[in-house]
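Residue numbers are given in the UniProt record's numbering: position 14 of the sequence shown equals residue 14, and the series is strictly consecutive. For glycine and all other residues, C-beta sits at the position ideal for the given N, C-alpha and C. Since we're looking at a predicted model, the values are computed, not measured.
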Amino acid sequence: MTIQFYAQQLEAINYKALWVGQNMMEKIDGISKHTAFIRPIPELHSVAEILGHLIALQIDVINKLRVHFNLQLRYQPEHWRSNEELKTIGWKQLKEDYEKSILSILVLIGDKDDSLLEKTYREENHKSIYPFEFALEGVIHHTMYHLGQIGITIKLLIKKELHVT
């Protein structure tokens with residue numbers, strides 16, 4: 001694969017027509033600020049919690065790219081934040097932060113050549129070294145997984161007769 005392939009996939013999942021249905025921006029734009037923080041059942045995350053988790057993952061990749069390019073680290077995310085913490089941020093800001101994180105990755109890789117895919121980074125939690133291709137594939141796979149999870153969450157909320165607007 002090429003770096004442009006990964007950029008195109010990330011852009012498509014978030015902004016373009018998908019074979020699987022709505023892209024991420026379409027999906028989250030259809031959710032009200034009230035509904036975003038509701039867990040359909042206690043064991044499942046709210047849409048806001050899922051989006052916050054995706055922001056954290058993307059910021060993690062941004063930080064890895066920034067270190068590689070000797071840029072200042074700007075974010076230190078938490079991977080799963082509670083609904084209460086996310087409510088203080090607000091649904092509108094969460095959506096903006098999500099989009100900023102996607103656009104930041106696209107900007108950071110947009111003018112790079114394919115050699116970036118083979119360059120490596122250290123994963124501190126796992127004490128392992130991976131190529132950047134692994135991180136970019138991970139962002140794409142993780143986003144698709146959670147796009148489906150958000151779709152199921154919305155269907156469960158509708159089934160409980162909540163209005164998703």
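### Message
Quick check: what's the CA-CA separation for Tyr121 versus His68?
### Response
For Tyr121 and His68, the gap between their C-alpha atoms comes out near 7 Å.
### Query
Measuring from the CB of Trp80, is there a heavy atom of the ligand GTP at a distance below 7 Å?
The ligand GTP is absent from the structure shown, which contains no ligand whatsoever.
### Task
Please report the residue range of the beta strand (DSSP E) in which Ile38 lies.
Per DSSP, Ile38 belongs to no beta strand (DSSP E) and is neither H nor E.
### Task
Starting from the Cα of Gly52, find the closest Cα among Asn83, Ser32, Met25 and give me that residue.
Closest option to Gly52, Cα to Cα, is Asn83.
### Query
Can Ile55 and Ser115 be called in contact, C-beta distance under 8 Å?
Result no, Cβ atoms of Ile55 and Ser115 do not sit closer than 8 Å.
### Query
Sorted by chain position, which residues of the same chain lie with C-beta nearer than 8 Å to Gly151's C-beta, five sequence neighbours on each side aside?
Correct list, in chain order: Gly21, Gln22, Lys27.
### Within-8 Å CB hit, Glu133 to chain B
In the structure shown, chain B does not exist; there is a single protein chain.
### Query
Is Glu124 helix, strand or coil by DSSP?
Looking at Glu124 - three-state DSSP - the assignment turns out to be coil, as it is neither helix nor strand.
### Task
Measure the alpha-carbon distance for Leu57 versus Leu65 and round it to whole angstroms.
Per the coordinates, the alpha-carbon of Leu57 lies some 13 Å from the alpha-carbon of Leu65.
### Task
Helix, strand or coil for Leu18, going by three-state DSSP, please let me know.
The answer is strand: DSSP assigns Leu18 an E or B state.
#### Entry: Segment limits, alpha helix (DSSP H) that includes Ile140
Annotation: the continuous alpha helix (DSSP H) that includes Ile140 extends over 132-159.
#### Entry: Backbone CA spacing between Tyr130 and Lys159 [nearest angstrom]
If I take the Cα positions, the gap works out to 42 Å.
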